[in-house]
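Report on the following structure.
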Ligand SMILES: Nc1ncnc2c1ncn2[C@@H]1O[C@H](COP(=O)(O)OP(=O)(O)OP(=O)(O)O)[C@@H](O)[C@H]1O
Ligand SMILES: [Mg+2]
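Numbering (the working numbering), first residue to last: 1 to 241.
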């Protein structure tokens with residue numbers, strides 16, 4: 001895998017004549033886990049879609065891309081908001097979809113290993129409509145982990161999970177994605193306080209940075225520093241425009 005690049009964006013986005021976000025400046029450092037918080041509709045998913053090369057409907061005035069100057073194409077895995085699983089494929093086929101679409105060899109053992117990590121070994125042969133919402137979300141996470149890219153974009157990846165599964169998936173993802181450039185959109189201040197090496201807050205006024213505790217990620221969920229940061233983040237969101 002090539003060294004993970006930083007991500008940067010500076011400018012504003014529109015769809016048709018409608019302003020979507022910006023002008024704003026965003027930096028996500030190379031090889032670190034950046035959490036992005038912000039009110040619904042502020043443009044977080046649109047920003048991720050731009051980095052994933054999926055923003056055809058978006059007119060972006062400015063610059064965005066990788067800090068090393070090389071194209072992002074082929075270096076990014078996106079776990080989109082909403083699981084986007086193929087309903088006619090079973091879980092294993094959904095997890096290996098990327099390789100099959102590229103005509104590459106399917107690493108079935110690796111897929112089964114990842115399904116085991118996300119606790120879905122017993123469901124490998126089921127179709128998405130036979131799974132719960134949280135299980136489907138874990139299939140989508142498994143598919144993203146399967147892609148093995150240096151840049152990983154996660155759009156509310158754990159939103160459908162119960163508290164215990166969520167903490168487990170946070171731990172697992174932090175371990176498996178350590179050293180990659182991760183940009184993780186979440187509405188959960190507790191999640192950002194556990195996982196964010198950098199924490200950004202996006203509002204209609206632009207992008208601001210919150211100062212996370214220096215404890216290593218994933219931080220202990222009930223450590224005083226984690227809880228205090230969680231509270232400070234919520235206060236920042238409450239006081240934002
Ligand atoms: N394809 C589209 N055409 C027109 N407007 C769109 C399109 N996609 C998104 N928008 C608008 O762009 C704005 C930002 O949407 P986006 O999905 O990026 O927000 P978000 O910050 O991810 O919100 P949430 O937290 O609810 O997921 C919204 O007002 C939305 O209605
Ligand atoms: Mg969104």
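Every residue, glycine too, gets a C-beta built ideally from N, C-alpha and C. Just so we're clear, the structure is a prediction, and the values are computed from it rather than from any experiment.
Is the beta carbon of residue i within less than 6 Å of some heavy atom of ligand 2?
i: residue 81; result: yes
i: residue 44; result: yes
Can you find a heavy atom of ligand 1 that lies under 6 Å from the Cβ of residue i?
i: residue 61; result: no
i: residue 27; result: no
i: residue 41; result: yes
i: residue 57; result: yes
i: residue 20; result: yes
i: residue 15; result: yes
Cβ atoms of residue j and residue i: under 7 Å apart, would you say?
i: residue 224; j: residue 195; result: no
i: residue 183; j: residue 128; result: no
i: residue 203; j: residue 240; result: yes
i: residue 5; j: residue 68; result: yes
i: residue 147; j: residue 98; result: yes
i: residue 199; j: residue 192; result: yes
i: residue 142; j: residue 118; result: yes
i: residue 43; j: residue 60; result: no
i: residue 138; j: residue 120; result: yes
i: residue 111; j: residue 95; result: yes
i: residue 37; j: residue 201; result: yes
i: residue 115; j: residue 124; result: yes
i: residue 185; j: residue 155; result: yes
i: residue 145; j: residue 64; result: no
i: residue 48; j: residue 28; result: no
i: residue 76; j: residue 151; result: yes
Should residue i go down as buried or exposed, given a rule of 16 or more other Cβ atoms within 10 Å for buried?
i: residue 52; result: buried
i: residue 136; result: buried
i: residue 173; result: buried
i: residue 33; result: buried
i: residue 45; result: buried
i: residue 249; result: Here the chain has residues from 1 to 241 only, and residue 249 is not among them.
i: residue 83; result: buried
For residue i, list the residues DSSP reports as bridge partners.
i: residue 14; result: 19, 59
i: residue 214; result: BP columns for residue 214 are empty, so no partner.
i: residue 198; result: 34
i: residue 8; result: 27, 65
i: residue 209; result: 200
i: residue 185; result: 36, 155
Restricting to runs no shorter than 3 residues, where is the beta strand (DSSP E) found entirely within the stretch 144–181? Segments of the beta strand (DSSP E) lying fully in the stretch 144–181: 151–155.
Could you tell me which whole alpha helix (DSSP H) segments of length 4 or greater appear in the stretch 57–129? List check, alpha helix (DSSP H) in window: 91–95, 97–102, 108–117.
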